[in-house]
Amino acid sequence: MQAVRVNARRQLRPSLISTYIQSQRLRSDAPGRSNTESFPETTETKVKEPFAVFRDVPPLRKLRRTMFKEGRQVGLVPTMGALHAGHLSLVKHALEENSDVFVSIFINPTQFAAHEDLSSYPKTWEEDLSMLKQLEDEHANSSSPNKHSRIAGIFAPTVKVMYPTLPPTSDVAGDGSFVTITPLGKVLEGASRPIFFRGVATVCTKLFNIVQADRVYFGQKDIQQSVLIKRMVKDFHIPTEVRVIPTCREPDGLAMSSRNVYLGERRREDVAILSRALFAARDVYNSGVLLGKSIKNAAYDTFNQATTAKRDDGRLGGHTRLEIDYIALSDPDTMNMIPGLDKIDPRRGAVLSAAMLVRPVDKPQTLEEVEQTTVRLIDNVILEPRLP
């Protein structure tokens, strides 16, 4: 798995770029939206959609049985909507490797704690379908040897469909049927968000069981999630290949995320500090350094120097407050943390991951309500194994 810095907007063709930028603008009001402003939850769609939209399980399974009989290869891209170029990259890879692709759009309540942003998570149903349709059309007109593949449908179930017996709970000790992966689900992001990976593992198990895809696609940005899903697939003998696609980044290095719309203009200017810190630490590793402490210190030093410089020239002072939650070195297969005094095994490499809290601006101005919420950003880089 190779971590690469990608100018994701340049990957898109001009027609798709305009759709992407327009959808990003439309999302700028997302934190103020009601949770009811999601995709339509009726089984009948009044406006003709560009794809078959499945709200319930039986119709999708009927189609899937037909595909199975015909020997068609099926890919699945699980999303919560609010699509961006990173999601489109996953769909593009899926179209290249399968004859039929399903995209799921479901904001999974069981991975949000009570204090998190479930009610305000961006919801852009029409824009999402438009972007997917344009991507499919461009793929069909490309020179790809697999250009006849298609997006076979959108699985957009209701909460009742996904959690049919009990209402979903955000309590650590809540009742329900859950999938837990320990200890992997309790470290790093799992330590900061105790129910997150339980919710992710549970909903992914449901999606894999419903769609029964040959391949499923995740982004490297959520590396711990990807490792956890691989573990779950192996432990439960799920016949689905997990494909992890390199992170898509903005031109300044920021990892693309649906939550980036919460930042607002002023905070957005400063948050690429996190990715620069990780890149600097990767450079230290690539120079031959193996001691964990030295590599992590390179990330911390770069972060501290950059934030200090911004405060000194007035760009950060009085506005953006950035706090590191963690910077961690982990085994690439288990996500077990590598102690600072240990050396990285060059035959295995490592994952260098980080989380950062972006606090509300100190002196908000008119129309900057979007900047009055704390935003948690995650990122990582792969420290590639070295040949002996």
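According to my numbering, the sequence shown is numbered sequentially starting from 1042. Note that the Cβ used here is the ideal one computed from N, Cα and C, for glycine as well. Please read all numbers here as calculations on a predicted model, not as lab measurements.
For Val1392, tell me which candidate among Phe1092, Ala1181, Ala1135, Leu1229 has the shortest Cα-Cα distance. Leu1229
Spatial distance of Pro1105 from Arg1352 (CA atoms): The residue you asked about is not Pro; residue 1105 is Arg in the sequence shown. Approximately 56 Å between the Cα atoms of the pair.
Residues in the same chain with beta-carbon distance under 8 Å from Val1098, minus the five sequence neighbours each way, listed in chain order, please. Pro1198, Val1202, Ile1251
Go ahead and label Phe1238 buried or exposed: buried means 16 or more other beta carbons lie within 10 angstroms of its beta carbon, across all protein chains shown. buried
Rounded straight-line distance, which links the Cα of Thr1206 to that of Arg1417: 32 Å
What did DSSP end up calling Met1273 once you bin it into helix, strand or coil? helix
Consider the Cβ of Ala1155: report whether some Cβ of chain C lies at a distance smaller than 7 Å. Among the chains of the structure shown, chain C does not appear; only one protein chain is present.
Decide yes or no for the touch test of the segment 1119 to 1127 against the segment 1295 to 1304: beta carbon pairs closer than 8 Å, at least 3 of them. yes
Counterpart residues of Asp1141 in DSSP-defined beta bridges: Val1115, Arg1191
Quick one: give me the first and last residue of the beta strand (DSSP E) that Asn1421 is part of. 1416 to 1424
Just reading off the alpha helix (DSSP H) that Glu1364 is part of, what are its end residues? No alpha helix (DSSP H) holds Glu1364; the beta strand (DSSP E) holding it covers 1362 to 1371.
Chain-order list of residues whose beta-carbon lies under 7 Å from that of Asn1139 (same chain, five-residue window excluded): Gln1114, Val1115, Gly1116, Ser1190, Asp1255, Arg1256
Measuring CB to CB, does Phe1092 end up less than 7 Å from Ile1195? yes
Ignore the nearest five residues each way along the sequence and tell me which others in Pro1209's own chain have a CB closer than 6 Å to its CB. Pro1150, Thr1151
According to DSSP, is Ile1336 part of a helix, a strand, or is it coil? helix
Same chain only: Cβ atoms within 6 Å of Ala1135, ignoring 5 sequence neighbours per side: Gly1116, Val1118, Val1142, Tyr1258
For a test of the three-state rule: what should DSSP assign to Met1172, helix, strand or coil? helix
Below 6 Å, is the gap between the Cβ of Glu1282 and the nearest heavy atom of the ligand HEM? What this structure holds is no ligand at all, so the ligand HEM is not there to describe.
Does the Cβ of Leu1382 have 16 or more other Cβ atoms within 10 Å, making it buried, or fewer, making it exposed? exposed
Taking DSSP's pairing of strands, which residues face Met1378 in a bridge? Ser1371
For Leu1398, write down the residues that DSSP places opposite it in a beta bridge. Glu1364, Arg1417
6 Å Cβ shell around Gln1265 - same chain, five flanking residues per side excluded: Leu1229, Glu1230, Met1376
By alpha-carbon positions, which one of Lys1164, Ser1298, Ile1222 ends up nearest to Ile1419? Ser1298
Under a Cβ-count criterion, where at least 16 other Cβ atoms within 10 Å of its own Cβ denotes burial, should Ala1395 be classed as buried or exposed? buried
Separation of Arg1234 from Gln1253, as counted between CA atoms: 29 Å
Would you decide whether Ser1267 is buried or exposed? Buried here means 16 or more other CB atoms lie within 10 Å of its CB. buried
Taking the alpha carbon of Ile1400 as the point to measure from, which residue in Phe1277, Gln1413, Tyr1162 has its own alpha carbon closest? Looking at the sequence itself, residue 1400 is Arg, so the reference to Ile does not match. If we check each option's Cα against that of Arg1400, Gln1413 comes out closest.
Considering only the beta carbon of each residue, do Ile1222 and Ala1154 sit closer than 7 Å? no
Exposed unless 16 or more other CB atoms sit within 10 angstroms - verdict on Phe1277: exposed
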